[in-house]
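Peer 1: I'd like to ask you about the structure that follows.
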Amino acid sequence: MTFSKKTHYQYPISNIEEVDNFYVLDGCLKLLKDQEKGQEKIINGKLQQSYTNSYVYVSPGTKRTVTYKIDSSIPSSGSNNWSSNIDAAMIAYNSIRNFNITFQKITSGSADITFSGGYFSSTAIAWGSWTSSGNPGTSVTINFNYSGNILGSQRTFVMAHEVGHNLGFRHTNWIAAGESLNNPSAGLYGGNLVPATFGSDPYTIMNTGPSYPSVPNWTDFPYTDLLAIRYLYSYDASEKPFYSYLKTSTGGYNWTTNWNTYQYGASGFSYWGVNGYIYSSQKSGTVPLYRYRHNVTHVDYLSRDSNLGATYPGYVLQATAGYVYTANSSGRMPVYEWYHPDKGFYFTTLTSDSVTSSGGWSGGSIAFYTLTLDAN
């Protein structure tokens with residue numbers, strides 16, 4: 535069977551390798567030959583690190599259990615035993631806060647994802663299959679030709695990477711492979727950029743398939759991968775990234791939980807970063823955070839004061855930015871408030887950074903607490 539590399543999926547020929555009864559795309563994406571046709575797009579109104587046009591369907595506000603099994607082709611001892619690293623990768627996924635999928639290991643019967651291994655004439659260490667029809671990719675295959683060289687937490691990194699494909703995530707730098715973003719003719723292999731992530735990210739675990747000897751040691755998910763996972767698979771949709779924007783004309787800032795307001799840049803604002811996560815609806819222990827704008831200077835400001843204009847005339851309430859905590863606790867981080875007479879206000883999760891250390895800023899007290907960017 536001839537794989538229609540250009541005409542069907544718009545996938546560059548140079549990035550496809552034929553191995554036994556499947557194809558390897560981008561060095562670690564597995565596609566069975568009999569899956570080449572008839573794939574279904576699953577979009578469900580999602581917007582755009584990158585995911586394919588197909589992903590695991592989970593009913594809103596629920597958790598979906600996805601089972602996995604380690605096939606007997608992976609031995610229980612010796613250099614080809616990857617079992618503990620597979621389990622470690624799954625434990626890492628299960629520890630992610632606000633993730634609506636739970637991975638459950640089974641030892642018999644049919645699993646949603648099966649891990650297997652063998653010796654293959656390929657330069658790839660492992661392959662993960664992509665999602666289809668709302669279900670996770672069904673397999674991760676390990677190439678034992680590299681088991682003697684890929685050791686310790688490197689194996690955990692590889693397994694976490696491949697499971698990312700099982701969830702529908704593309705290589706973060708896939709556009710560099712010659713495809714175009716949101717190409718509707720790209721079928722299942724279209725790509726969508728997750729808000730607030732980038733096509734070039736040296737820290738993500740989802741860069742082009744790791745190959746020996748460049749596999750990093752596993753440390754944990756970087757925050758951009760967590761942004762991607764929580765965006766596509768949020769259990770509580772009210773938990774939102776708190777996006778920060780720089781006003782290029784003044785050096786001032788603005789903030790929103792709605793990515794569509796400014797995206798990577800609009801209305802004179804450019805994307806700056808994420809100040810943790812806040813809620814779009816009130817939760818126990820949270821209070822409203824209001825966004826104000828001065829009607830003369832047009833300086834933006836965040837405050838927990840619902841009547842700031844009475845004390846500081848000229849500040850006009852624009853909206854409730856979201857709901858934040860007033861006290862520290864596990865899983866929260868402080869946001870510090872700074873002021874510059876020529877630029878306005880700045881809020882940061884660091885006690886001091888490149889902005890405040892540039893001079894002219896005063897303050898540095900804690901204004902409120904947001905949820906952390908890390909996994910828990």
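Residue numbers for the sequence shown follow this note's numbering, so the first one is 535 and each next one is one higher.
The C-beta atom is built at its ideal place from N, Cα and C for all residues, glycine as well.
By a C-beta neighbour count over all protein chains shown, 10 Å radius and 16 as the cutoff for buried, is S642 buried or exposed?
Peer 2: Looking at its Cβ environment, which holds fewer than 16 other Cβ atoms inside 10 Å, S642 is exposed.
Peer 1: Assign I640 to one of two classes, buried (16 or more other C-beta atoms within 10 Å of its C-beta) or exposed (fewer than that).
Peer 2: Classification of I640: exposed, given that the 10 Å Cβ count is below 16.
Peer 1: Determine the closest residue to T820 out of S650, V592 and V858, with distance taken between C-alpha atoms.
Peer 2: Closest by alpha carbon: V858.
Peer 1: Is Y680 helix, strand or coil when you go by DSSP?
Peer 2: In the structure shown, Y680 sits in a helix (DSSP, three-state: H, G or I).
Peer 1: Let me know if L780 comes out buried or exposed under the rule of 16 or more other beta-carbons within 10 Å of its beta-carbon.
Peer 2: Per the 10 Å Cβ criterion, buried.
Peer 1: Out of Y813, W664, T790 and S666, point me to the one whose CA is closest to F803's CA.
Peer 2: The residue with the shortest Cα to Cα distance from F803 is T790.
Peer 1: Label T675 either buried or exposed according to how many other C-beta atoms from any shown protein chain fall within 10 Å of its C-beta, with 16 as the threshold for buried.
Peer 2: T675 should be labelled buried.
Peer 1: Tell me where the alpha helix (DSSP H) around N619 begins and ends.
Peer 2: Residues S617 to N628.
Peer 1: On the three-state DSSP scale, how would you describe Y846?
Peer 2: Of the three classes helix, strand and coil, the one that applies to Y846 here is coil, per DSSP.
Peer 1: Measure how close the beta-carbons of I620 and F654 come, nearest whole angstrom, since I'm counting them as under 8 Å.
Peer 2: Between F654 and I620 the Cβ distance is about 18 Å, and since that is not below 8 Å, they are no contact.
Peer 1: On a CA-only basis, which of S748, A771, N615 and T601 is nearest N628? Give me that one, please.
Peer 2: Comparing Cα-Cα distances from N628 to each of S748, A771, N615 and T601, the minimum goes to T601.
Peer 1: Just to check my reading of the structure: Y826 and Y849 have Cβ atoms closer than 8 Å, yes? What is that Cβ distance to the nearest angstrom?
Peer 2: With 8 Å as the limit, Y826 and Y849 qualify as a contact, their Cβ atoms being about 4 Å apart.
Peer 1: Return the CA-CA distance between V889 and G662, expressed in angstroms with no decimal places.
Peer 2: In a straight line, the C-alpha of V889 is about 41 Å away from that of G662.
Peer 1: Report yes if the C-beta distance between G651 and F691 is below 8 Å; otherwise report no.
Peer 2: No, Cβ-Cβ distance for G651 and F691 is not below 8 Å.
Peer 1: Based on the DSSP output, what are the partners of R598 in its beta bridges?
Peer 2: DSSP output for R598 lists I635 as bridge partner(s).
Peer 1: L905 to I812, Cα distance in whole Å?
Peer 2: So the two alpha carbons sit approximately 6 Å from each other.
Peer 1: Hey, could you find the ends of the beta strand (DSSP E) M740 is sitting in?
Peer 2: M740 -> no beta strand (DSSP E), and no H or E assigned at all.
Peer 1: List the DSSP bridge partners of N794.
Peer 2: N794 is not bridged to any residue.
Peer 1: With a cut-off of 8 Å, do at least 3 Cβ pairs link the region 825-840 to the region 877-886?
Peer 2: Judged by Cβ distances under 8 Å, the region 825-840 makes contact with the region 877-886, as three or more pairs qualify.
Peer 1: The beta strand (DSSP E) that contains N809, what's its start and end?
Peer 2: Segment F803 to Y813, the beta strand (DSSP E) holding N809.
Peer 1: Let's see if you can read the secondary structure: which residues bound the alpha helix (DSSP H) around I640?
Peer 2: Note, I640: premise wrong, no alpha helix (DSSP H); not H, not E.
Peer 1: State buried or exposed for S666, treating a residue as buried only when at least 16 other CB atoms are found within 10 Å of its CB.
Peer 2: Buried: at least 16 other Cβ atoms inside 10 Å.
Peer 1: Can you round the beta-carbon distance between I647 and T672 to whole angstroms, since I take them to be within the 8 Å contact cut?
Peer 2: Yes, they are in contact, since the Cβ atoms of I647 and T672 sit about 6 Å apart, within 8 Å.
Peer 1: Could you give the DSSP three-state label for G712: helix, strand or coil?
Peer 2: The predicted position of G712 is uncertain, since its pLDDT is 45 and thus under 50; no value can be drawn from it.
Peer 1: Out of curiosity, what's the CA-to-CA distance linking V728 and R866?
Peer 2: Distance between the alpha carbons of V728 and R866: 24 Å.
Peer 1: Taking only the alpha-carbon atoms, compute the straight-line gap between F881 and A853 and give it to the nearest angstrom.
Peer 2: Answer to the nearest angstrom: the Cα atoms are 17 Å apart.
Peer 1: Tell me the DSSP secondary structure of Q816 in three-state form.
Peer 2: Three-state result, Q816: coil.
Peer 1: Compute the distance between the beta-carbons of P775 and L761, then report whether it is under 8 Å.
Peer 2: Yes, the pair counts as a contact, with Cβ atoms nearer than the cut-off.
Peer 1: Within the same chain, show all residues whose beta-carbon is closer than 8 Å to that of I900, passing over the 5 residues directly before and after it, in chain order.
Peer 2: Correct list, in chain order: P868, V869, Y870 and E871.
Peer 1: Per DSSP, what kind of secondary structure is I763 in: helix, strand or coil?
Peer 2: It is helical.
Peer 1: Evaluate T738 with the Cβ neighbour count: other Cβ atoms within 10 Å of its Cβ, from every protein chain shown; 16 or more gives buried, anything less gives exposed.
Peer 2: Buried, because 16 or more other Cβ atoms sit within 10 Å of the Cβ of T738.
Peer 1: Have a look at K597, G894, I604 and T883 and flag the residue whose alpha-carbon is nearest the alpha-carbon of R631.
Peer 2: With distances taken between Cα atoms, R631 lies closest to K597.
Peer 1: On the premise that N809 lies in contact with T883, defined as a C-beta separation below 8 Å, what is that separation, rounded to the nearest angstrom?
Peer 2: With a Cβ gap of about 6 Å, T883 and N809 count as contacting.
Peer 1: Taking 7 Å as the cut-off, is the CB of G671 close to at least one heavy atom of the ligand SAH?
Peer 2: Absent from the structure shown: the ligand SAH. Ligands present: none.
Peer 1: Going by DSSP, what residues sit across from F881 in a beta bridge?
Peer 2: Partner(s): E871.
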